[in-house]
Amino acid sequence: MIKRLKRFLWLSIAIISVISISIGLMETLMAQQPSISHPLTSLTEVEISTAVSVIQREKTLSEMAAFPLIALQEPDKEEVINFTPGKVFQRKVFLVIYERSQNKTFEGIVDLRSKTLSSWKEIPSVQPAIVISEYELATQVVKADSRWQRAMQRRGINDFDQVKISWWAPGILSEQEQATGNRLCRGLSYYKGKGWNYYGSPIEGVLATVNLNTGKVASFIDRENVPFSKENWNYDVKSLGKLLSPLKALKIFQPNGRSFQIKDNEISWQGWKFRYSMHPRNGLMLYQVTHNDGENIRPVLYRASLSEMVVPYGDPEPTWSFRNAFDVGEYNLGLLANTMELGKEIPENGLLLNAVFANEQGEPYQIPGVIGIYERDNGMLWKHYEYNTQRNDVRRSRELVMKMTVAIDNYDYSINWIFHQDGTLEVQNELTGIVLAQGTAAQKQSDDDSYGRLIAKNIFGVNHQHFFNYRLDFDVDGQANSAMEMNVKALAMDEKNPLGNAIALSETSLAKETAAVRDLDMKSSREWMIVNADKKNALGTAPGYMLMPGGNSIFFPVEGSKIRQRAEFATHHVWVTKYKPTELYAGGDYPNQTQPGQGLPKYISDDESLLGEDIVLWYTMGVTHIPRSEDWPVMPVHRVGFKLVPRGFFSRNPAINLPE
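The sequence shown begins at 12 in the numbering used here and counts up one residue at a time.
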């Protein structure tokens with residue numbers, strides 16, 4: 012009896028110990044996870060793992076199944092707006108699953124509260140973004156192909172390890188490729204040689220297209236043998252040799268600390284308050300942007316993000332004409348973001364933030380320093396010198412910048428959200444990296460080279476464009492918003508305008524979605540404004556925010572061209588739609604191998620009213636790049652952007668009362 016009692020006590024102690032250890036481990040695990048205090052808090056590693064495990068439990072996936080996208084399923088907008096701390100809220104995960112062996116794409120939504128699969132559906136005839144393993148698969152397939160090997164040997168290359176293959180989404184498809192519906196990618200070959208910067212040695216005229224479903228070369232092009240550059244285009248300090256004289260030290264520091272505050276993913280600074288998120292597709296996004304005017308906290312934007320990009324190249328040669336990259340939707344731009352360093356991409360006074368993503372196997376991982384935030388000086392904010400009294404009033408401008416950088420093969424981009432003290436929110440994109448080079452026998456520029464410019468010996472830069480579309484979900488003082496277009500014109504000379512100096516502004520309401528497809532017009536200094544017509548400011552007009560465009564371009568591919576049909580969003584600068592939670596991407600949900608007319612053209616097809624509604628403004632800005640020798644071997648940063656500027660939103664200059 013005593014032995015049994017001792018054994019029972021020992022087992023009880025052991026069980027209690029196991030339970031205590033389990034609880035301790037759970038508490039430790041929970042302590043390591045960020046608190047989920049708001050519906051828009053970014054997904055944690057545990058949440059990603061939980062969502063994937065639910066999918067794997069509920070659905071039989073093959074060994075080839077991939078997760079091209081795992082992201083927070085954005086909660087209902089009204090739930091977010093009406094959320095108060097401590098209130099229970101939904102928590103769901105959106106997943107894209109691709110079965111390569113079946114060539115099928117599925118979308119799933121997992122409810123994290125109940126750990127159940129709340130939605131599962133097949134999306135027919137679409138291709139999700141390319142994943143890393145497919146690059147590796149395609150490289151193995153092509154390097155084993157006898158046609159590719161002969162093409163390399165014909166160019167004097169026998170060591171195939173010296174060739175790097177860069178993989179692209181297939182872009183423009185032939186009728187046969189379109190009909191088969193197979194998942195394709197196209198490979199460009201580069202000679203590495205002794206240098207690590209292989210982009211200066213493109214092996215021109217060779218193009219391999221791989222069927223990723225079968226793991227075979229679907230088509231192969233080997234055109235004329237074009238010489239490629241044998242120079243070493245490495246640009247590290249050692250390779251460059253003689254350097255410019257170093258500048259004297261310039262230090263940026265804030266001895267009293269930073270002026271912005273961060274709580275979870277919410278940031279406050281100089282009247283601004285907003286949430287941020289790092290999305291695997293869109294990259295750095297903003298939510299619930301508000302401004303405190305001293306009396307009230309007033310909403311400006313609910314959600315703001317880069318929606319899509321397209322980069323069309325302007326050479327009709329068959330190995331080039333397919334190149335029209337949709338960098339957001341075809342490659343998941345957010346997943347390509349890279350770690351930044353203090354004193355380099357952002358100044359020493361900055362703060363680096365991490366982000367959690369999931370790989371194609373559904374495994375969570377963290378990228379350190381992928382978001383940068385910092386304050387910077389921007390010269391004068393306002394000034395007036397009074398001659399009579401010699402009084403000089405001036406305030407310096409401070410800006411808050413949030414930045415991400417991303418490398419998409421040869422090109423590098425940064426996205427910057429810039430908050431100003433005068434209530435302006437600015438978007439600035441920076442373009443840099445390496446020009447996509449074309450091999451050529453030329454040593455000097457020819458007058459016949461109308462498709463681009465020689466940028467180095469044996470290296471030709473092809474004319475191309477970069478178009479960015481931003482989705483801006485405005486909530487100016489609430490959701491009852493309307494869109495206005497502002498045009499300026501000079502009035503004719505008459506009895507009312509005898510000197511011909513009169514300048515008049517006209518404001519036109521954009522009442523329907525199809526009427527709100529608009530373009531820039533320098534002749535009329537055209538701008539657009541989102542107003543809340545249900546409210547009036549102190550002067551009796553509707554408070555609003557206006558879109559002030561910066562540099563821009565027209566989309567040059569001509570009417571009837573395949574890329575114009577696929578990237579119709581880039582054919583106009585402004586679109587306005589009535590808010591729908593599923594309308595997120597200007598080029599459509601699946602731009603890889605997409606059909607024409609997706610995205611914005613489809614969104615406006617029901618031509619809904621825009622008067623006093625919850626509306627979304629989509630702005631497209633473009634850069635036309637005619638390469639130059641100064642762009643080689645790495646292109647100096649080119650900046651392009653726009654501003655969202657208050658107009659009648661404040662009763663006076665909101666920065667007038669800044670202390671000296």
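All residues carry an ideal CB built from backbone N, CA and C; glycine is no exception.
Are residue i and residue j closer than 8 Å when you measure CB to CB?
i    : j    : result
Y313 : D486 : yes
E188 : G598 : no
G561 : V651 : yes
L447 : N474 : no
S200 : V217 : yes
D433 : P665 : yes
P135 : N603 : no
L364 : I378 : no
T443 : M351 : no
V321 : F478 : yes
N114 : N224 : yes
E90  : P50  : yes
L148 : E58  : no
V381 : A418 : no
N193 : N236 : no
L611 : F580 : yes
I214 : R166 : yes
L353 : Y481 : no
Y630 : H583 : no
C196 : W179 : yes
M163 : I445 : no
L392 : F368 : no
S332 : D338 : no
E356 : K262 : no
Whose CA, out of the options, lies closest to the CA of residue i?
i    : options                : result
I183 : T330, H395, L344       : T330
Q299 : L622, P291, N293, Y287 : Y287
E374 : T301, A82, E441, K455  : A82
D625 : L611, K547, N492       : N492
L80  : T52, I141, T55         : I141
G282 : D275, P291, H302       : H302
N440 : F660, S425, T588       : S425
H431 : F368, D484, K284       : K284
T95  : P607, I143, Q609, S48  : S48
T3   : I470, V438, S457, D460 : Absent from the model: residue 3. The displayed extent of the chain is 12 to 671, so no value can be given.
K534 : L510, P310, A501       : A501
H636 : G472, P509, D505, E397 : G472
L295 : L251, D460, N276       : N276
When burial is assigned at 16 or more other CB atoms within 10 Å of the CB, is residue i buried or exposed?
i    : result
F264 : exposed
K394 : exposed
W280 : buried
I541 : buried
M632 : buried
D545 : exposed
W244 : buried
Q454 : exposed
I667 : exposed
L436 : buried
Q476 : buried
G659 : buried
F19  : Summary for F19: the model assigns pLDDT 39, below 50, so the residue's position carries little reliability; its value from the coordinates is reported in the next sentence. Label assigned to F19: exposed.
L258 : exposed
Y601 : buried
R158 : exposed
L22  : For L22, the predicted structure reports a pLDDT of 39, less than 50, and the residue's modelled location is therefore unreliable. The matter cannot be settled from this model.
Q490 : buried
P657 : buried
D484 : buried
Q44  : With a pLDDT of 48 at Q44, under the threshold of 50, the modelled position of that residue is not reliable, and the figure given next carries that caveat. Exposed, by the Cβ-count rule.
Can you give the beta carbon distance from residue i to residue j, rounded, assuming they're within the 8 Å contact cut?
i    : j    : result
T84  : F117 : Inspection of the sequence shows that residue 84 is occupied by Gln rather than by Thr. Incorrect: roughly 15 Å between the Cβ atoms, too far for contact.
Y202 : P644 : The Cβ separation is near 15 Å, so there is no contact.
R334 : Y342 : The pair is not a contact, with the Cβ atoms about 13 Å apart (cut-off 8 Å).
R529 : M497 : Contact flag wrong, Cβ pair sits at about 11 Å.
M289 : A366 : 4 Å
V153 : G226 : Not really, about 11 Å apart at Cβ, beyond 8 Å.
Legend entry - Cβ pair count under 8 Å reaching 3, the stretch 619-628 against the stretch 571-582: no
Legend entry - Stretch-stretch touch, CB-based, cutoff 8 Å, three pairs: the stretch 71-79 with the stretch 365-374: yes
Legend entry - At least three beta-carbon pairs within less than 8 Å, the stretch 382-398 to the stretch 92-100: no
Inset, instruction - Flag this pair as touching only if the stretch 640-647 and the stretch 464-475 have three or more C-beta atom pairs under 8 Å; answer yes or no. - result: yes
Inset, instruction - Determine contact between the stretch 510-519 and the stretch 544-554, defined as no fewer than three beta-carbon pairs at a distance below 8 Å. - result: no
Inset, instruction - Inspect the CB distances between the stretch 172-181 and the stretch 396-414 and report whether three or more fall short of 8 Å. - result: no
Inset, instruction - May I ask you to verify whether the stretch 65-73 touches the stretch 120-134, counting CB pairs closer than 8 Å and requiring at least 3? - result: yes
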